[in-house]
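Student: Starting off with a structure, shown below.
2 protein chains.
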Amino acid sequence: MAFTARSQETRAAILAAARRRFAADGYERATVRAIAADAGIDPSMVIRYYRSKDGLFAAAVDIDLRLPDPASLPPGRAGEALVRHFLELWEGDGPGEVLTVLLRSAVTNENAAERMRTIFATQVATALGPDVDDGPTRGALVASQLLGLALCRYILRLPPLVALPVDTLVADLAPTVQRYIGAPLE
Amino acid sequence: MAFTARSQETRAAILAAARRRFAADGYERATVRAIAADAGIDPSMVIRYYRSKDGLFAAAVDIDLRLPDPASLPPGRAGEALVRHFLELWEGDGPGEVLTVLLRSAVTNENAAERMRTIFATQVATALGPDVDDGPTRGALVASQLLGLALCRYILRLPPLVALPVDTLVADLAPTVQRYIGAPLE
DNA sequence: GGTGTTGGCCATCAACTGTTGACCTCTGGA
DNA sequence: TCCAGAGGTCAACAGTTGATGGCCAACACC
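Chains as they are written, first to last, in the numbering used here: chain S, 105 to 290; chain U, 105 to 290.
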């Protein structure tokens, strides 16, 4: 299946519409019909191409955080780099939409939650470097601050956080993340 | 309406079942029928008592954070007190359930998001004391860390965060919150 | 003891969901 | 020129959803 260029086009149109709808409405309220309408296509085509709504969702949340390698950063600046990289992902059109989908649905959908867990357990925790047993704990603490920021700024849209420019946010949060990465814990 | 003791009983049973379902499944997937079944009552009664599913939801998310007055705390310890109080709310059966409902649905439901915004804009920001113009900003930063913690520990259930005892979490997060409250910002 | 009010159940509605299969239509190679 | 196979549409399915209104049973009050 899926040979001609035309089919790849509508396939991509469906995926784009799905990401938009999933990001805006969450998994349950984003209907196959609405996605199809946005893509200017019949609902049955959505199923034809992606087998089911779940299949479409799985295709819609496929992302690589591409976290910077901490070894390549000046020591003491890893926190700042992490916060900035994370924020720029969210500010970007493509990844930001995917991340919105992921976070929005991870909150109610167990599959999405599991995906989120592995993403942040593996990508973040291992990005901190292969040090010792409290690596996962530090990674989770970092995740709590970064995801909390994303939640408040991009999902809940708390006005003070929406108003702050990226640079200010980086400056304010970097010390926190830096401490979670390196400082001695309880 | 609603005079007899019996009606108040089933009314309360419906509300309890609703909180449980909303907390477990989120707004969309928690059906009136399932809530009614949990409460051992006919679905139509749910509508009778709460007018609509939305009305039931509004009744289910009614909470007062009861944040401690910072003036009554030893200075320099407000951050610690805030984190501990917040965590104990989530650990409690009653408030924890309501907060789960609120956060789970604020992510997809605009009404719930608005409620969340006012709760954290007013209750947290004003709890920091009536100082100046960056009060809301500081409040939002605090919210980003506290809500991020709740998200990762109680909703996404990141294993390392679930494993940590409350005291450890308080010790690890208190400096962050303390800094957001008091230290000079960018 | 009648009587009206209230709690509760049943049957049902209209709308909407994901999904399926029959059918049309266009294209490109033989 | 023909025609197989692809992309695409249409109508319909079976199930579930929130919500409504009619009906019966129990209880309080006169």
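Every residue gets a Cβ at the ideal spot worked out from N, C-alpha and C, and that includes glycine. Every value quoted in this text rests on a predicted model; they were computed, and no experiment measured them.
Determine, for U/Gly-286, whether the minimum Cβ-Cβ distance to residues of chain S falls below 8 Å.
Tutor: Numbered from 1 along the second sequence, position 182 holds the residue referred to as residue 286 of chain U. It does not; no Cβ of chain S falls within 8 Å.
Student: Contact defined as beta carbons within less than 8 Å: I believe U/Val-246 pairs with U/Val-281. What is the distance between those atoms, to the nearest angstrom?
Tutor: For the purposes of this step, residue 246 of chain U is taken as residue 142 along the second sequence, with counting starting at 1. For the purposes of this step, residue 281 of chain U is taken as residue 177 along the second sequence, with counting starting at 1. Going by Cβ atoms, the distance from U/Val-246 to U/Val-281 rounds to 5 Å, so yes, they are a contact pair.
Student: At a cut-off of 7 Å, would you count U/Tyr-258 as near the ligand MG, judging by its Cβ distance to the nearest heavy atom?
Tutor: In terms of ligand content, the structure shown is empty, and the ligand MG therefore cannot be addressed.
Student: Nearest CA to the CA of S/Arg-283: which residue from S/Thr-241, S/Asp-271 and S/Glu-218?
Tutor: Here the question's residue 283 of chain S lines up with position 179 in the first sequence. Closest option to S/Arg-283, Cα to Cα, is S/Thr-241.
Student: Using a C-beta to C-beta distance shorter than 7 Å, which residues of chain U count as neighbours of S/Glu-132?
Tutor: Taking the first sequence and counting its residues from 1, one reaches residue 132 of chain S at position 28. Correct list: Glu-132 and Arg-133.
Student: Along chain U, which residues have their Cβ under 9 Å away from the Cβ of S/Val-136?
Tutor: Along the first sequence, one-based indexing puts residue 136 of chain S at 32. Chain U residues near S/Val-136: none, gap ~15 Å exceeds 9 Å.
Student: What are the boundary residues of the alpha helix (DSSP H) that includes S/Asn-213?
Tutor: Taking the first sequence and counting its residues from 1, one reaches residue 213 of chain S at position 109. Careful: S/Asn-213 lies outside any alpha helix (DSSP H) and carries neither H nor E.
Student: Check whether the region 264-277 of chain S touches the region 163-182 of chain U, taking contact to mean three or more Cβ pairs, one atom from each stretch, closer than 8 Å.
Tutor: Output reads no: the region 163-182 of chain U does not touch the region 264-277 of chain S.
Student: Report the rounded CA-to-CA distance for U/Glu-113 versus U/Tyr-258, giving the unit in angstroms.
Tutor: Position 9 of the second sequence, counted from the first residue, corresponds to residue 113 of chain U. Position 154 of the second sequence, counted from the first residue, corresponds to residue 258 of chain U. Approximately 30 Å between the Cα atoms of the pair.
Student: In this structure, does DSSP put S/Gly-144 in helix, strand or coil?
Tutor: For the purposes of this step, residue 144 of chain S is taken as the residue at position 40 of the first sequence. Of the three classes helix, strand and coil, the one that applies to S/Gly-144 here is coil, per DSSP.
Student: Under 6 Å Cβ to Cβ from U/Lys-157, same chain only, skipping five residues before and after it: list those, please.
Tutor: By one-based count along the second sequence, residue 157 of chain U stands at place 53. Excluding positions up to five away in sequence, the list reads Val-136.
Student: Measuring CA to CA, which of U/Leu-251, U/Ser-176, U/Glu-218 and U/Thr-226 is closest to U/Trp-194?
Tutor: In the second sequence, residue 194 of chain U corresponds to position 90, counting from 1. Taking only the C-alpha atoms, the option nearest U/Trp-194 is U/Leu-251.
Student: Check whether chain S comes within 8 Å of U/Gly-180, counting only Cβ atoms and requiring the distance to be less than that.
Tutor: The residue labelled residue 180 of chain U in the question sits at position 76 within the second sequence. Not one chain S Cβ lies under 8 Å of U/Gly-180.
Student: Starting from S/Ile-259, find everything on chain U with Cβ-Cβ shorter than 7 Å and list it in chain order.
Tutor: As a working mapping, residue 259 of chain S is identified with position 155 in the first sequence. Val-211, listed in chain order.
Student: Here's a check: name, in chain order, each residue in its chain whose Cβ is nearer than 7 Å to the Cβ of S/His-189, leaving out the five neighbours to either side.
Tutor: Counting from one through the first sequence, the residue named residue 189 of chain S turns up at place 85. Result list for S/His-189: Leu-171 and Pro-172, in chain order.
Student: So what's U/Ile-167 in DSSP terms, helix, strand or just coil?
Tutor: Taking the second sequence and counting its residues from 1, one reaches residue 167 of chain U at position 63. If DSSP states are grouped into helix, strand and coil, U/Ile-167 belongs with coil.
Student: For S/Ile-166, would you say it is in contact with chain U, using Cβ-to-Cβ distances shorter than 8 Å as the test?
Tutor: Counting from 1 along the first sequence, the entry for residue 166 of chain S is found at position 62. In the sequence as displayed, the identity of residue 166 of chain S is Asp instead of Ile. Chain U, which has no Cβ nearer than 8 Å to the Cβ of S/Asp-166, makes this no.
Student: Name the residue from U/Arg-219, U/Arg-123, U/Glu-132 and U/Arg-155 whose alpha carbon lies nearest to the alpha carbon of U/Asp-142.
Tutor: The residue labelled residue 142 of chain U in the question sits at position 38 within the second sequence. Comparing Cα-Cα distances from U/Asp-142 to each of U/Arg-219, U/Arg-123, U/Glu-132 and U/Arg-155, the minimum goes to U/Arg-123.
Student: Evaluate S/Ala-267 with the Cβ neighbour count: other Cβ atoms within 10 Å of its Cβ, from every protein chain shown; 16 or more gives buried, anything less gives exposed.
Tutor: Indexing the first sequence from 1 puts residue 267 of chain S at position 163. Exposed, by the Cβ-count rule.
Student: Could you check the C-alpha separation between S/Gly-286 and S/Arg-208 for me, to the nearest Å?
Tutor: Counting from one through the first sequence, the residue named residue 286 of chain S turns up at place 182. Counting from one through the first sequence, the residue named residue 208 of chain S turns up at place 104. Cα-Cα distance, rounded: 30 Å.
Student: Give the residues of chain U in contact with S/Gly-252, contact being defined as C-beta atoms less than 9 Å apart.
Tutor: Mapped onto the first sequence, residue 252 of chain S falls at position 148. Result: Ala-247, Ser-248, Gln-249, Leu-250, Leu-251, Gly-252, Leu-253, Ala-254, Leu-255 and Cys-256.
Student: Let me see if you follow: with CB-CB separation under 8 Å, is S/Phe-224 close to chain U or not?
Tutor: For this step, residue 224 of chain S is matched to residue 120 along the first sequence. Closer than 8 Å: yes.
Student: Is the CB-CB distance between S/Ile-127 and S/Val-205 below 8 Å?
Tutor: The sequence position of residue 127 of chain S within the first sequence is 23, counting from 1. The sequence position of residue 205 of chain S within the first sequence is 101, counting from 1. One point to set straight first is that residue 127 of chain S is Ala, not Ile, in the sequence displayed. Cβ distance < 8 Å, so S/Ala-127 and S/Val-205 count as in contact.
Student: Out of S/Arg-133, S/Ala-134, S/Ala-140 and S/Tyr-131, which one is the CA nearest neighbour of S/Arg-115?
Tutor: Stepping through the first sequence from its first residue, residue 115 of chain S is reached at position 11. Taking only the C-alpha atoms, the option nearest S/Arg-115 is S/Ala-140.
Student: Which chain S residues are close to U/Arg-221, counting only those with a beta carbon under 9 Å from its beta carbon?
Tutor: Here residue 221 of chain U refers to the residue found at position 117 of the second sequence. Those within 9 Å of U/Arg-221 in chain S are Leu-260, Arg-261, Leu-262 and Pro-263.
Student: Let me confirm a value: U/Ser-248 is counted as buried when at least 16 other C-beta atoms fall within 10 Å, else exposed. Which label applies?
Tutor: As a working mapping, residue 248 of chain U is identified with position 144 in the second sequence. Buried is the call here.
Student: I need the straight-line Cα distance from U/Ala-292 to S/Thr-226, nearest angstrom please.
Tutor: Here chain U has residues from 105 to 290 only, and residue 292 of chain U is not among them.
Student: Give me the residue from S/Gly-180, S/Leu-119 and S/Tyr-153 with the minimum Cα distance to S/Glu-201.
Tutor: On the first sequence, position 97 is the one that residue 201 of chain S refers to. When only C-alpha atoms are compared, the closest one is S/Leu-119.
Student: What residue range does the alpha helix (DSSP H) around U/Thr-135 cover?
Tutor: On the second sequence, residue 135 of chain U is found 31 positions in, with the first residue counted as 1. Careful: U/Thr-135 lies outside any alpha helix (DSSP H) and carries neither H nor E.
Student: Within 8 Å of any Cβ in chain S, is that where the Cβ of U/Ile-118 sits?
Tutor: Taking the first residue of the second sequence as 1, we reach residue 118 of chain U at position 14. For U/Ile-118, the answer is no, since every Cβ of chain S falls outside 8 Å of its Cβ.
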